[in-house]
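Below is one structure, written out as structure tokens, with a few remarks after it.
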Amino acid sequence: MKLEEIFNIYNGISSDKVIIKSIKTDEYSVPYLRPSNNFSNVIAGYVDPSEIPEKYLFGPEEIFVSTDGQGSHTYSYVSTCVFVPNSNVAVLIPKKDMKLQEKIYYANCITLNRYRFSYGRKPKGERLASLILPSAVPQDIANAKVDFGNDLSKPFMVHPRTGLKTSNWKWFKYSELFIIDRGRGARLNELLNEGSTPVITSTDRNNGLSGFINRSAYHSGNVISVARNGSVGEAFYQPIPFCSTEDVHIFTPKFELNIFRAMFFITIIRMEKYRFNYGRKWGLSRMRNSLIKLPVTNSGTPDFQSMERIIKSLSYSSQLL
């Protein structure tokens, strides 16, 4: 279903229309929220609720979405207190009664769509309204235990009923799962931000995007990019065709890849960062022969369906992205 079929969307108030204090007082007591990729950093300051139009005052347990900011857009959370959103934050009010667990679920579903807006597109207006979301919440999520935060430094957390067991997982070489090649198509000194083809580099920000170039894409979309130098081990899902510098390796799947499977692999790949903290590069040969531990089917092959289920469960509970 489209997001606008499930929620009414309300925009926040611009910072030039409110008086913001950096310290909370009896008068300036309501948090004024901004976009952030970290729940503990969403408070821009405090405002006097008596000076705020009622339509901009929202209560606890409401979904709010960051709609701007290179490193912050699309991150979505559930409020833990009364708040006022700024103009780059949208608030989603359910059209039907919705449990807290369901709101947390949908907030994380929205965050999972962050990759769709990583190339200069903002999740605003019709783009946000037309975002496709599940029409129903899985029963195990709807019935999960919720820890209630008492302020905006602690997000609501949903705890799955069962833990993740990896004892029966098996090791695979990356080369068994992906065709791994060096990135091609662009050099850093060519980035003039002219053109429409994304250029992916070894940065750890903005989905690896450092600019655009006026030439045809060298790499296809629906692949994973992994930095071999610079921010070694930083991995991102690339949904659309792009060019890349040579400091990035491109993982083209030998299986059917989707965003959930990609997020599973990205999470594990990023766990390898610690191996390369002292100037060591993750070269092409070493990367192809590196091992990754995966859930398997009864026949011993990678269980991609389990990977999807794991990612969905983890993301709903702790903002995996």
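Here our numbering is used: the first residue of the sequence shown is 1, the next is one more, and so on.
Positions of the beta carbon are idealized from the N, C-alpha and C atoms, including for glycine.
Item: Expected contact under 8 Å - CB spacing of I250 and G208 to nearest Å; Value: Not a contact, Cβ separation roughly 11 Å.
Item: Contact the segment 106-114 vs the segment 74-81: 3+ CB pairs below 8 Å; Value: yes
Item: Presumed contact (8 Å Cβ cut-off) between V232 and W282, rounded CB distance; Value: 5 Å
Item: Beta carbon of P49 nearer than 8 Å to that of V30; Value: yes
Item: Alpha-carbon spacing of S66 relative to N298, whole angstroms; Value: 42 Å
Item: F251: CB within 7 Å of a non-hydrogen atom of the ligand MG; Value: As presented, the structure is devoid of all ligands, the ligand MG included, so that no description of it is given.
Item: CA-to-CA distance, D68 to K122, given in whole angstroms; Value: 6 Å
Item: C-beta neighbour in chain B for T245, strict 8 Å; Value: The chain labelled as chain B is not found in the depicted structure, where only one protein chain is given.
Item: R205 in three-state terms, based on DSSP; Value: coil
Item: Residue interval of the alpha helix (DSSP H) (run including K17); Value: K17 -> no alpha helix (DSSP H), and no H or E assigned at all.
Item: Alpha carbon of P198 to alpha carbon of N143, nearest angstrom; Value: 42 Å
Item: Anticipated Cβ contact below 8 Å, E61 with S79, distance rounded; Value: 6 Å
Item: Neighbour-count burial assignment, F7, 16 or more Cβ in a 10 Å radius; Value: buried
Item: Reference I20, options P85, H219, S285, closest by Cα; Value: P85
Item: Beta-carbon spacing of Y174, I266 below 8 Å; Value: no
Item: Backbone secondary structure at A262 - three-state DSSP; Value: helix
Item: CB contact flag (S135, M307, <8 Å); Value: no
Item: 7 Å Cβ shell around N11 - same chain, five flanking residues per side excluded; Value: S87, A90
Item: Beta-carbon spacing of P239, G211 below 8 Å; Value: no
Item: Residues bridged to T197 (per DSSP); Value: I213
Item: Rounded straight-line distance, which links the Cα of R288 to that of F172; Value: 10 Å
Item: Residue closest to D16, alpha-carbon to alpha-carbon, out of Q305, V47, E5, R116; Value: V47
Item: T111, enclosing alpha helix (DSSP H) - first and last residue; Value: 100-112
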